[in-house]
Amino acid sequence: MDSTTNIKSRLTDSQTTETVDNIHHRMNAAGFNYNVARAIEAHGEVFATDPLYGGLYFNHQCTLLYILLKTAGAGNNKTKDYCMSYLDGHSALRGKLDAAYASKDFAQLMGDPEMPPNEPEAIASELTTSGSGQSLKALFESEYIGSTDRLFINTLNAERKRFAGTAAAQHAYNWSISVIQSSGMGKSRMVEEAGNTVFTIPINIREQMPENKKAYPPPDICVRTYFEARRNESDEKQRIDYMLFLCKLFDKAQELVKEHCSGLTGPDLARSWATYLREGQKDEAVGSNRRQFYDNVVESANKASQDNNRHPFELERLMKSSCDKLLSTLMSSQPDKSGDNVCFVYFDEAHLLTLPVEKAYEGHERNQYHNLGTVLSMLINYRVFFIFLSTNSRLEGFAPPVSSYPSERVTSGSKLILPFTELPFDIHSKNMLIERRPLTLTNAADVDVMAAFGRPLWNAQRQVDPSSCVFEFAMNKLGANGVDWKTSDSTLAALGVRVGITFDQTIRGSYLIQSKLVESHMRMVYSIPEHREYMHTGAPSEPVLAEAAGRYLSSAGLNLKGVSVEGPRRLWEELSNGLMARGERGELAGRLLLTSAHDIALKSCYGAYEPKKNTPWYHRPIPVVAFLEALFGEEHHQLIMETKSTNPQGQVQKLSTAFAGCYVFFSHFGLADDTEMISEYGLAVALLRGVALQAKDGQESVDAVIPIHMGALENPILPATTSAINLQFKNRQTARRCHIDRTITVSDHKKPVISIVFEFAAKTRREGPIQANEELCHSGQSTKQAVCDNYHYHFTARGCNSAVFKAIPSTTEFQYKALLGVHHSSKTSHVERIRKMWRRFWQ
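All the letters of the sequence shown, read from the start, carry residue numbers 33 to 875 under this note's numbering.
As structure tokens, this is what we get:
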């Protein structure tokens with residue numbers, strides 16, 4: 033078999049017959065090799081070997097692949113950007129390109145299954161799977177909503193001024209800041225917008241995404257390759273090469289500014305530069321200007337690294353000189369005396385720099401982030417600020433405790449700049465509130481209304497791909513794409529979304545678990561204190577994520593059985609590990625119990641669990657009566673439904689009548705910051721979000737509130753038609769009189785209100801575990817209070833077991849007791865015996 037026939041047989045396995053025939057008729061192997069060699073020569077680029085990688089530089093491999101495809105002829109109309117993106121995702125092809133270049137036998141490579149297929153290029157269109165959807169690029173470049181970019185710029189300027197005039201030891205270690213927040217919060221979009229005001233050099237070092245995943249902006253592949261190649265180098269070698277990279281970065285940027293942005297200053301210069309770099313950018317690849325810029329930077333830095341014989345002090349001087357020249361060029365037309373930052377350099381997807389050292393040895397003990405930070409500390413006297421952000425930040429890499437930082441901070445500067453966490457939230461809700469009037473429970477359960485609340489990611493997903501299920505998308509984000517070994521963390525994250533979880537900040541282990549939940553499971557960072565020994569995190573109200581959490585906890589494929597089973601088990605495990613705050617045991621058990629009742633009521637109202645695409649299952653209204661029947665055991669239903677309010681003046685009705693045709697609507701709990709949020713106005717907003725409210729610590733009279741809509745599903749949600757179920761959770765063995773002031777949540781005393789006091793640890797009374805209105809019918813009640821309680825339905829429930837609550841399966845009773853910290857009598861007797869023994873000893 034001759035070489036031509038051999039090429040054809042191999043091509044037939046991976047490419048279309050039409051393309052094979054075209055190639056077969058137009059060339060033979062020798063002719064093809066000759067044409068490729070001529071094309072390489074005509075291209076005018078000298079291919080060189082990367083000394084660290086051992087093969088051609090990445091950009092040269094991309095050029096070679098482009099030449100191969102172009103030489104092959106018809107159907108091979110791929111661009112250089114496509115070749116770079118394709119080669120980034122097919123690392124095995126890189127070695128084969130090196131071998132082909134070394135042997136000059138390019139024809140044999142054309143039949144390799146790793147080579148790109150010969151269909152017309154359609155990567156960009158594949159990112160938009162619906163005809164009505166927008167591309168990621170178009171959505172990213174739409175008008176910026178809010179002013180977080182200005183807040184960010186002002187914050188960095190304020191940080192620079194805060195350290196002005198301080199002693200060296202109290203100065204900033206370097207001018208760098210990490211932007212730490214969970215996925216989908218708009219970190220990249222914020223710094224991109226800031227680049228329209230402050231001159232910004234953007235760098236994206238994202239790893240190659242799986243074929244079915246979409247991400248924007250696209251990465252700067254050659255820069256990522258530069259840093260990846262140095263991961264296992266010594267600390268000194270890394271610092272030298274990072275100095276060389278920054279030196280060439282500043283030099284090349286200065287050249288381009290002089291060439292393309294001459295005479296411009298301030299925001300005009302920043303916008304012109306940003307526009308130049310964005311020119312030609314697509315969903316899947318950066319534009320030619322940006323690609324060529326970084327190709328030149330990396331090629332120059334690699335050559336300088338290979339030829340370097342300078343002392344590190346000399347390299348530091350050169351880097352400072354290059355930085356100074358760039359800043360001088362940026363301010364040449366209009367000197368800036370404000371002291372503000374002149375230039376930003378940001379590393380997007382920078383978590384790759386924080387990976388731990390694989391094999392430490394003498395001279396290599398620090399990760400790339402620390403080594404780069406040491407280099408940046410050399411630029412402390414220059415008005416350039418470095419920014420590190422990532423979609424899935426490794427928090428212990430970006431915000432480690434102060435003790436984790438290199439010792440040279442003591443001699444240069446000791447202060448680390450606090451991470452930035454203030455990113456946009458609810459930015460689409462304002463337009464939604466205007467467009468979707470009237471605001472009803474029916475509208476509130478619509479997928480696009482749900483997507484308008486929370487992080488921008490949900491609305492973006494609906495715009496880019498409206499035909500796919502946003503709840504499945506969110507479930508994959510929450511559940512780490514269903515990775516088995518992350519199920520435990522995913523379950524905890526889902527419970528955090530629906531029930532609300534507080535971690536014990538005094539335990540080091542809680543820092544680590546919160547880091548993982550933020551990194552991979554959508555938990556949000558609220559703040560990180562200056563000492564960085566812990567972080568405040570939580571799960572604010574996001575209807576899409578709450579629906580996803582409900583679906584995840586019922587995932588048959590993961591053998592999960594819903595919140596009523598998984599909740600007690602997983603929370604008990606975490607409390608046993610000592611990582612969760614023990615001071616709120618009763619409140620946590622109460623929210624879990626109510627969420628379980630919610631899901632039981634869903635089944636009684638809507639049938640068996642059957643999730644549908646873009647139609648919520650958990651985020652749906654439930655009749656008040658059905659919810660109460662799902663909460664309490666069947667033997668208590670008659671007592672509850674036939675109860676009349678205290679001081680029943682006039683035509684006061686029994687509960688089942690007063691709340692007939694009324695609904696609760698909550699798929700999750702959210703934290704209320706103040707008393708106003710649990711008033712009628714705040715409760716009406718909560719109804720629109722489908723959230724029950726957890727009262728802040730120290731809130732008088734109530735621990736949580738479930739809003740009630742007093743009307744039909746199509747009736748507008750208004751404060752005047754909003755009532756409440758007030759909740760108080762007690763975990764004490766001896767119950768005491770406990771009165772809930774209904775006016776805190778519902779001030780209109782003619783509007784029916786329900787209040788429930790849960791005495792989880794108290795013993796059941798002889799007359800039964802449920803008492804109605806006992807706390808309100810007493811002689812000490814004032815006339816004013818009696819009037820307020822005319823329409824107040826007040827219950828006290830004692831105990832925490834399946835006999836009292838239908839929402840507690842008998843198989844989980846012991847886990848609820850463990851959650852509440854209830855000790856078995858044998859253990860209590862043992863403790864008491866020890867106490868007696870010590871008393872006798874001291875006597």
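Each residue gets a CB set at the ideal place from its N, CA and C atoms; glycine is no exception.
Under the three-state reduction of DSSP, N758 is assigned to strand. Closest option to C637, judged by alpha-carbon separation, among A621, N646, L660 and L625: L660.
Per DSSP, the continuous alpha helix (DSSP H) segment holding S360 begins and ends at P344 to L362. C501 and G511 have their alpha carbons spaced roughly 15 Å apart.
Counting C-beta pairs closer than 8 Å gives three or more between the region 87 to 102 and the region 129 to 136, which meets the contact rule. Between L276 and A336, the gap from beta carbon to beta carbon is short of 7 Å. Fewer than three beta-carbon pairs drawn from the region 465 to 475 and the region 226 to 240 are found closer than 8 Å, and the two stretches are therefore not classed as touching.
Per DSSP, F846 is one residue of the alpha helix (DSSP H) stretching across E845 to L852. CA-CA distance, L362 to P251, rounds to 26 Å.
G216 has its alpha-carbon roughly 13 Å from the corresponding atom of V557.
Straight-line spacing of the CA atoms in E579 and E224 works out to 31 Å. Rounded to the nearest whole angstrom, the C-alpha separation of S573 and S364 is 48 Å.
As computed with DSSP, H396 is found in a beta bridge with Y393. Taking the C-beta atoms as reference points, L527 is found no nearer than 7 Å to G610.
Contact between L703 and D735 is ruled out by a C-beta separation of about 12 Å, above the 8 Å threshold. Annotation: V230 is outside any alpha helix (DSSP H) and is labelled neither H nor E by DSSP.
According to the DSSP assignment, T569 belongs to the beta strand (DSSP E) that extends over H568 to G570.
For T828, the uninterrupted beta strand (DSSP E) run begins and ends at H824 to R830, by DSSP.
About 11 Å separates the beta carbons of L384 and I235, which is beyond the 8 Å limit, so they are not a contact pair.
The Cβ-Cβ distance between E791 and R830 falls below 7 Å. By the CB criterion at 7 Å, R623 and A581 fall outside the cutoff. When DSSP states are grouped into helix, strand and coil, H741 belongs to the strand group. Annotated as proximal: S755 and I740, with beta-carbon spacing under 7 Å. Following the DSSP letters along the chain, one finds V785 inside the beta strand (DSSP E) bounded by residues V785 to E791.
Out of V595, T386, I72 and L171, the CA that lies nearest to the CA of S210 is found in T386. Put simply, the region 271 to 290 touches the region 343 to 352. At least three CB pairs are less than 8 Å apart.
Around the beta carbon of D120, 16 or more other beta carbons lie within 10 angstroms, which makes this residue buried. Distance from the CA of D705 to the CA of S711, rounded to the nearest whole angstrom, comes to 12 Å.
Per DSSP, I209 lies in no alpha helix (DSSP H); the unbroken beta strand (DSSP E) holding it starts and ends at S208 to V211. By the Cβ rule, the region 265 to 272 counts as touching the region 392 to 411, because three or more pairs are nearer than 8 Å. Only residues of its own chain outside the window of five on either side were considered, and among them A716 have a CB closer than 7 Å to the CB of L750, listed in chain order. Here the region 688 to 702 lies against the region 714 to 733, with 3 or more beta-carbon pairs under 8 Å apart. Contact between the region 559 to 571 and the region 625 to 643 is absent: fewer than three C-beta pairs spanning the two stretches fall below 8 Å.
Within the region 492 to 570, the runs of alpha helix (DSSP H) that reach at least 4 residues and sit entirely inside it are, in chain order, 502 to 510, 519 to 530 and 540 to 552. Collapsing the DSSP output to three states places K280 in a helix.
In this structure, the alpha-carbon of M482 lies about 6 Å from that of V576.
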